[in-house]
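Chains as they are written, first to last, in the working numbering: chain A, 7 to 238; chain B, 14 to 571.
All C-beta atoms in this analysis are idealised placements derived from N, C-alpha and C, irrespective of residue type, glycine included.
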Amino acid sequence: MGTDLTAVADSAKTLYDLGRYSEALEKYQSIYASQAENDVLCYNMGNCYARMGELGEAKVYFERALIYAPNNTDAQHNLDWINLRLTDALVAPKEELLQWIGQWERSVMSTEGWTYAAWLFLVATVVLLVLRRTKSRSLNWRWPLTTTVMAFILLGMSYLSIPKIKTAVVVERNSYGYSEPSSNSKRLVLLSEGSAGTILGTNNSWVYVELGDGRLAWFNGEEWEALLPPTD
Amino acid sequence: MKKIGKLLLVCAVLLHGVAFGQNATLTASCSKTTVGLNEPFRITFTTNTRKGTITPPSFDKFIVVSGPYQSSQTQIINGRMSSQRSIAYEIVAQEEGVFTLPPAKMKVSGQELESNRLKITVKAGAKRNNRAERKAKESFNVRILASKKSVYVGEPIVLKFRATLFDPVRDLSIIQAPNFENVLQQQLEFKQESTREVVGNKMATVLDFDKRLILPNKPGTLGGQELKISGQVQVPTGRRDFFNMPLTKFVPQVATAKIPAVKIKPLPEGAPEDFQGGVGELKLVREISRKEVSGSESITIKLRVEGAGNFNTLEVPELIQPEGFDVYDPKYNENIRYSERGIRGYKEYEYLLVPQYRGSFIVPEMQWSYFNTRTERYETISIAADTLNVENPALSGVQENSDLEGAVKREVKTIDDDIRYLQDHRFEAEGKSNLYPWTLALLVLAGLLWLWQFAPERRQGQKVNWKKSQLKIVQKAFDAQEEQRYGTMLNALEFALVKKGIHLEQVRLEALENVYDTPTANRILRLIEHCNMAQYAPIAASENVHHLTEFEEVWEQI
């Protein structure tokens, strides 16, 4: 099965080399459902969108690749390249401290890596406690306590490293912001492709977005795409 | 019960009489058959059946001012029940003439009923019948005020709809708005405020209830279109109530006004060649984000028409593109506001230019013409040429025979000017394993082990404890040189032996050898003898140390 996925990715790459970007994208999309958190797949899909001129979508996928692998320098380069061409796009509000910490943690190790590190300390705790009880009563209780505390710290870091980003990006040419979730309400703002904001809530197909300059408006959700794909 | 039964029977008979005992009829009536233009009158359709829905005719030549008003009543006279329902409209005639109002229709039990037709004569100068109606007619009027009497095509006019109220009027509403052709009509948002003024020696309330911006797009004359508004006017009835206060009633009234003539002039002859229809007081602006470019930066050029003018139809000119750049499709922005001052705002194209060559490039001069409504002349805006310098060392240098002035075509395509290539990866089919249950299991296990640490140790713990405590008691007694120290030692030995099932009275070598090895058994026996002897004969201090050491060694083996 793993070979099948790689074969699909290889055929997508061949199509990309031939300049058939939309077909390559379709191939990548066919394996995206099971590999949504794969930074390489997100990166390659971003490339396809960029070649097709859909810079807003490309931005979403390069950002997504960087969420899962902040050290992916190719994704960072291509995102910079996209942003250079989306000069009037509004940037999203600044990240919260916890999000920043989470991103730093992912640049050090994946979420699974942090969990496995916590496991090591938990196993050490178990071993030390069993030894202390059965073999060596003189073993100081501070050792298992230390490993337990370390395990909890690492579990906390593992939890923080799970992406919880609410940012979304305009993927259409323009997106009007309204005072209410209706196109009949007052128009407040006009955003161009690639503009980003933080989704605060939804109402049917409308999303309530906070922009980087602090303004709030309702937008048609079909014109926006969240950086984190919705989970089932 | 019998009485109730009789009562129900009577009711059923009566209702049957109402429903079936009469022939269902539908009649139309009007409050007057000869009316004046814009004089409201009432049309009523009445039926004597409780079933069916009355469908009124279409009032083609009339305007419904208010209604429908529905009423129904049931009465019993001399034991005979009758019922009546009616539906009424207040209408006004739109033109003079004699009109026949088609019948109203109603379907009852599969049978279609039609009302009688009404013949109505409309005369411009028809006199009002009573004093209240005459009073109502004089109670308010409406005017349309135009901001200008003469404009050019594309020049905005503001029309104010002003009502002058001499008496209290309620439910003021437009029943027929002017119908314009070849114009853009935009209703303006404003706050309605009334003022008190003296009009013709009478105090009146003056209210601007609507404002519209009109933007003509063809020459001609604007005017003649009619505005009709209706309202309920409060008029005295001439009667007084119980407290001698005058009684009043609300009478529907319609007022009309015609738009004053406004001449729409064509634009003068001799328009410049680049004139594209811009009318007003406009400006063309070209903004360049940066003129010096280094690295892989791009340039944004905004071309904007701004000011006051016919933004609904005018078009922003296209940018004359400089050589040496990739120019992307422009992005369109606009911000247009409608107000009494006309249409203001801007329309803008935003171009993104990505340098392809190193050198200096010229954004050519451009011109744009429009008709200035203030000076009444065509005016041309010129924007001088700008120079863009590209210093990116990643781009290649100049060739002498290049078509581009001062620029050289690239020989090598640079990588950094493009996105990077695809990445390779071996995709694993298995989805991510869920680590949560395992983590939880480890946490639970560690928690249980921690709890286990605090649980008391039962057998082995007790054994260790009594051995330690007895040893400590003996050591303490010898350290303090207590008189009964050998007795204490003997007690400890007895305690230990009893735990092995050997009582002190039965201590023999054979018995001890059953439990301990022979040297240990001998040492225990010797210690017991020393303890017994010490109770009767004093022992030297040096012997104490020896006996205590002996005891400690034996104690370990016990």
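Asked                                                                                                                                                                           : Found
Go through its chain and collect everything with a Cβ distance to Phe613 of chain B's Cβ below 6 Å, but skip five positions before and after it.                                : Nothing about residue 613 of chain B can be read from this structure; chain B reaches only from 14 to 571.
Which residues bound the beta strand (DSSP E) around Ile225 of chain A?                                                                                                         : Per the sequence presented here, residue 225 of chain A reads as Phe, with Ile not at that position. Segment 222-226, the beta strand (DSSP E) holding Phe225 of chain A.
For the putative contact between Gln86 of chain B and Ile100 of chain B, defined by C-beta atoms under 8 Å, what is the C-beta separation to the nearest angstrom?              : Wrong, their Cβ atoms sit about 13 Å apart, outside the cutoff.
One question on the structure: do Val340 of chain B and Arg371 of chain B come within less than 8 Å of each other, judged by their Cβ atoms?                                    : no
Over the uninterrupted alpha helix (DSSP H) stretch that includes Tyr27 of chain A, give me the two end residues.                                                               : 27-38
Using three-state DSSP, classify Ala268 of chain B as helix, strand or coil.                                                                                                    : strand
Give me the Cβ distance between Asp223 of chain B and Ile187 of chain B, rounded to the nearest whole Å; I'm assuming they're in contact under 8 Å.                             : 7 Å
What residue range is occupied by the uninterrupted beta strand (DSSP E) comprising Gln198 of chain B?                                                                          : 196-200
Per the contact definition of three or more C-beta pairs closer than 8 Å, is the segment 153-171 of chain B in contact with the segment 267-279 of chain B?                     : yes
Less than 8 Å separating the beta-carbons of Ser191 of chain A and Ser185 of chain A?                                                                                           : yes
DSSP three-state label for Lys136 of chain B, please.                                                                                                                           : strand
Whose Cβ in chain A lies nearer than 9 Å to the Cβ of Glu569 of chain B?                                                                                                        : Within chain A, no residue comes near Glu569 of chain B; the closest Cβ sits about 18 Å away, beyond 9 Å.
Step through the CB atoms of chain A and report whether any lies within less than 8 Å of the CB of Leu365 of chain B.                                                           : yes
Along the segment 300-334 of chain B, what residues have a CB closer than 8 Å to any CB found in chain A?                                                                       : Ser302, Ser309, Glu310, Ser311, Thr313
Between the Cα of Glu109 of chain B and those of B:Lys241, B:Pro115, B:Lys136, spot the shortest distance and give me the residue it belongs to.                                : B:Lys136
With a threshold of 8 Å between beta-carbons, can Ile432 of chain B be considered close to chain A, or not?                                                                     : yes
From the DSSP output, in three-state form, read off Tyr529 of chain B for me.                                                                                                   : coil
Go ahead and label Gly213 of chain B buried or exposed: buried means 16 or more other beta carbons lie within 10 angstroms of its beta carbon, across all protein chains shown. : exposed
If you measure beta-carbon to beta-carbon, which residues of the segment 23-41 of chain A are closer than 8 Å to chain B?                                                       : Ile37, Ser40, Gln41
Start and end of the alpha helix (DSSP H) containing Arg253 of chain B?                                                                                                         : No alpha helix (DSSP H) contains Arg253 of chain B, which is instead part of the beta strand (DSSP E) from 239-253.
Residues bridged to Asn385 of chain B by DSSP?                                                                                                                                  : B:Gly293, B:Arg390
When the distance is taken between beta carbons, is Phe440 of chain B closer than 8 Å to Asn44 of chain A?                                                                      : yes
According to DSSP, is Ile356 of chain B part of a helix, a strand, or is it coil?                                                                                               : strand
Going straight from the alpha carbon of Ala232 of chain A to that of Tyr74 of chain A, what length do you get?                                                                  : 14 Å
On the three-pair Cβ rule with 8 Å, is the segment 454-461 of chain B touching the segment 57-67 of chain A?                                                                    : no
Verify the CB distance criterion: does Thr134 of chain B have a CB-CB separation below 8 Å to chain A?                                                                          : no
Under 8 Å Cβ-Cβ, which residues of chain B neighbour Asn84 of chain A?                                                                                                          : Ile432, Arg433
What in chain A is Cβ-close to Asn346 of chain B, meaning under 9 Å?                                                                                                            : Asp94, Asn180, Leu196, Ser198
Return the CA-CA distance between Ser302 of chain B and Leu128 of chain A, expressed in angstroms with no decimal places.                                                       : 58 Å
Taking 8 Å as the threshold (beta carbon to beta carbon), is Gln200 of chain B in contact with chain A?                                                                         : no
Taking buried to mean at least 16 other C-beta atoms within 10 Å of its own C-beta, is Gly355 of chain B buried or exposed?                                                     : buried
Quick one: which chain A residues come within Cβ less than 7 Å of Gln436 of chain B?                                                                                            : Val46, Tyr49, Asn50, Asp80
Taking Cβ positions only, does Trp479 of chain B come closer than 8 Å to chain A?                                                                                               : no
List the residues of chain B whose Cβ lies closer than 7 Å to the Cβ of Val136 of chain A, in chain order.                                                                      : Leu462
Please report the distance separating the alpha-carbon of Lys567 of chain B from that of Thr533 of chain B.                                                                     : The question names Lys, but residue 567 of chain B is Val in the sequence shown. Between Val567 of chain B and Thr533 of chain B, the C-alpha separation is close to 7 Å.
Please determine if the segment 41-60 of chain B and the segment 106-123 of chain B are in contact, where contact requires at least 3 C-beta pairs separated by less than 8 Å.  : yes
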